[in-house]
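Each remark here refers to the structure printed beneath this line.
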Amino acid sequence: MSNVKTRFAPSPTGRMHVGNLRTALYSYLIAKHAGGTFMLRIEDTDQNREMEGAVDIIKRTMQETGLIPDEGPDNPGTVGPYVQSERVKAGIYMKYAKMLIEKGEAYYCFCTQERLDSLRREVDGKEIMMYDKHCLHLSKEEIEANLKAGKPYVIRQNVPNEGTTKFEDEIYGTIEVPNEELDDMVLIKSDGYPTYNFANVVDDHLMGITHVVRGNEYLSSAPKYNRLYKAFGWEVPTYVHCPLITDEEHHKLSKRSGHSSFEDLLDGGFVSEAIVNYVALLGWSPEDDREIFSLQELVENFDYHRMSKSPAVFDMKKMRWMNGEYIKAMNPETFYERAVPEIRKVVTKDLDLKKIADMVKTRIEVFPDIDDMVGFFEELPEYDVSLFQNKKWKVTPEKAKKVLSDLLPLLEAQQDWSNDALYEVLKTYSQSEEVKPGFTIWPVRIAVSGKQVTPAGATEIMEVLGKDESLLRIHVALDRYLSDF
RNA sequence: GGUUCCUUGGUCAAGCGGCUAAGACGUCGCCCUCUCACGGCGAAAACAGGAGUUCGAUUCUCCUAGGAACUACCA
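Listed below in structure tokens is the structure:
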């Protein structure tokens, strides 16, 4: 057992978008590849943004993706509690914040919202604010008096205005930031809750996290966290910042961007293994050309030193391709189970669903693709007579009419309505007429399906449709669509 | 605006001083074929620009340009 310990620390604000999912995945992989521990911590320090049921979504997502935490709210280890609101109640954060005040690394701030607002200014349409250290200069007496008077306060980190702060990231190397750029960020909010900035440092240390894996949006604030570790005299963890995942406009994926959450993808007919697999390859590549990886195979192969720095666009096309690969690799039973509900949306008749499922398996990328493909089994769609036209086989409506009229008595006499037998009938007829089988089959396909493109051969379709329905459809073609020719 | 990071085909990416610059998705073509798909074969398509360092830069350094992230009592 190695001593590597990572954590996934989401805040329960809704569905999990794929950027978060990938962070969780990389965090898991780094721990598991090293034989270490993977932990889940819930960061619910913002009561305003918290969403009912979001914790369940997180847990369910981790369950479905296989990213099972070794420690977490449901299976506590020795460093709990694993939910930050519970840690607040235990007084953990306040205790450490006060330690920082004693060291002069933090201070009480009693500034009102109005005063803070007055510090705000707008640049390029964006509002920016830098705290002016006003309360740093309060005397001991003033602070005491304010506290006694019950004035609301926050606790801020005290960052000097000179010098620079640097830290090491495993992916990005040394990052150095001038201190004057570092705001005196709030550590403890006026409601007594810690901010992410503070809770995260305290918890990661207390919970023994060795590798902090998180999104690259924290890269520029990481120096501030480093100052906190140093102020406490704690060992700084290994940082692994992951490159961003963006939409096709190259903007960070956010909850607002739509079909980008794990659950949205599941709803859209993607399988979770494919999602995990695809997302793993956004920002990391193996040594060889392999692209299909199970979670276990990822654990074996994942070396975080091969992570890339540049942001990656989430490409729905490739995601779909990969999902198609997983669908094709599914065993027929599993596929059948997942396909039936989709087929049932459009086919209510008592047909052989197993055969229909087999037809679509290599033709879809995502389950809802099935809908458009098999609707004609339920009901013959309206179609245009021009569909009978085919340049490759040189079929015209006139010729189609002859073929179908010729075939009708042969098919009516046909007993064995299996695909093979039916194909024989068509082939034999073609030979006697001295035409290619394709010439004969084309009109049959149109008549029987009302479509030029079908997920199966014409005779397979007839087999599923059954004799009565097939003949009925050929009659419809002759009487309704081809009567004028 | 400031700070930080990023920059190989449309997209994901390999490359870690010397290569005809991999591979995958997508696109296009051909083959297979009872249409479509699957499968097979093939094609088009990239080192942002400029200075250095070097015998030699996609690879190292600097500058420019472009993009992104951050800049909250959100995480």
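All residue numbers for the first sequence refer to our numbering, where the first residue is 6 and numbers rise by one.
Just so it is clear, CB atoms sit at the ideal spot from N, CA and C, and this is done for glycine as well.
- [ ] Excluding the 5 residues preceding and the 5 following Tyr244 in the sequence, name in chain order all residues of the same chain whose CB lies nearer than 6 Å to its CB.
- [x] The residues are Asp174, Val217.
- [ ] Could you name the residues of the same chain whose beta carbon sits closer than 7 Å to that of Leu72, not counting the 5 residues immediately before and after it, in chain order?
- [x] Closer than 7 Å at Cβ, skipping near neighbours: Ala29, Leu30, Tyr33.
Task: Reference Val164; option with closest CA among Leu233, Arg20, Phe372, Pro337 - done: Measuring from the Cα of Val164, the nearest candidate turns out to be Leu233.
Task: Per DSSP, the bridge partner or partners of Val245 - done: According to DSSP, Val245 bridges with Val218.
TODO: Determine the closest residue to Arg12 out of Gly443, Val206, Lys406, Phe444, with distance taken between C-alpha atoms.
DONE: Looking at the Cα atoms, Val206 is the closest of the given residues.
Task: Glu474 to Phe382 span [Cα, whole Å] - done: One alpha carbon belongs to Glu474, the other to Phe382, and they sit about 10 Å apart.
Open item on the list: Using a Cβ distance threshold of 8 Å, determine whether the stretch 465–482 contacts the stretch 429–441, with at least three qualifying pairs required.
Closed with: No, they do not touch.
TODO: Evaluate contact between the stretch 382–400 and the stretch 447–458, counting only Cβ atoms and requiring at least three cross-stretch pairs below 8 Å.
DONE: Touching, per the Cβ criterion.
Open item on the list: Classify Val128: buried if its beta carbon has 16 or more other beta carbons within 10 angstroms, exposed otherwise.
Closed with: Val128 counts as exposed, since fewer than 16 other C-beta atoms from the protein chains shown sit within 10 angstroms of its C-beta.
TODO: State whether the stretch 35–55 contacts the stretch 312–322, with contact taken as three or more CB pairs (one from each stretch) at a distance under 8 Å.
DONE: Verdict: no, contact absent.
Task: Local conformation of Tyr353 per DSSP, three classes - done: Here residue 353 is Thr; the residue named in the question, Tyr, does not match the sequence. Taken through DSSP and simplified to helix, strand or coil, Thr353 comes out as coil.
- [ ] Using only alpha-carbon positions, find the residue among Leu105, Asp209, Asn25, Lys100 that is nearest to Val9.
- [x] Nearest C-alpha to Val9: Asp209.
TODO: Grab me the residues of Leu152's own chain with a C-beta within less than 8 Å of its C-beta, minus the 5 sequence neighbours each way, in chain order.
DONE: The beta carbon of Leu152 lies closer than 8 Å to those of Tyr113, Tyr158 in the same chain, with the five residues before and after it left out.
Task: Burial state of Asn53, where buried means 16 or more other Cβ atoms lie within 10 Å - done: With fewer than 16 other Cβ atoms within 10 Å, it is exposed.
Task: Limits of the beta strand (DSSP E) - the one that Met44 falls within - done: Per DSSP, Met44 belongs to the beta strand (DSSP E) from 42–45.
- [ ] Look at the alpha carbon of Ile375 and the alpha carbon of Glu240, and state the distance between them as a whole number of angstroms.
- [x] Between the C-alpha atoms of Ile375 and Glu240 there is a straight-line separation of about 55 Å.
TODO: Could you check if Ile466 is buried or exposed, using at least 16 other CB atoms within 10 Å of its CB as the buried criterion?
DONE: By the 16-neighbour rule on beta-carbons within 10 angstroms, Ile466 is buried.
Open item on the list: Whole angstroms are fine: how far does the CA of Thr464 sit from the CA of Gln419?
Closed with: Their Cα atoms are separated by approximately 13 Å.
Task: Entirely enclosed alpha helix (DSSP H) segments - the stretch 401–480, minimum 4 residues - done: Taking 4 residues as the minimum length, the alpha helix (DSSP H) runs contained wholly in the stretch 401–480 are 402–418, 424–438, 442–454, 463–470, in order along the chain.
- [ ] Let me know the secondary structure DSSP gives Thr339 once reduced to three states.
- [x] Thr339 falls in the helix class under three-state DSSP.
Open item on the list: With three or more beta-carbon pairs closer than 8 Å as the criterion, would you say the stretch 324–336 touches the stretch 363–371?
Closed with: Output reads yes: the stretch 363–371 touches the stretch 324–336.
Open item on the list: Taking its Cβ as the centre, do 16 or more other Cβ atoms sit within 10 Å of Leu415, making it buried, or is it exposed?
Closed with: With fewer than 16 other Cβ atoms from the protein chains shown falling within 10 Å of its own Cβ, Leu415 counts as exposed.
- [ ] Counting only runs of 3+ residues fully inside the stretch 75–131, write out the beta strand (DSSP E) ranges in chain order.
- [x] Within the stretch 75–131, complete beta strand (DSSP E) segments of at least 3 residues are found at 111–114, 126–128, given in chain order.
Open item on the list: Within the continuous alpha helix (DSSP H) that includes Asp272, where are the two ends?
Closed with: Asp272 -> alpha helix (DSSP H) spans 267–272.
- [ ] Measure the CB-CB distance between Ala111 and Ile148 and report whether it falls below 8 Å.
- [x] Taking C-beta atoms as the reference points, Ala111 and Ile148 fail to come closer than 8 Å.
Open item on the list: Give me, in chain order, the residues of the same chain whose beta-carbon lies closer than 6 Å to that of Thr66; leave out the 5 immediate sequence neighbours on both sides.
Closed with: For Thr66, where only same-chain residues beyond five positions count, the Cβ hits under 6 Å are Met21, Phe267.
Task: Identified DSSP bridge partners for Val159 - done: Cys114.
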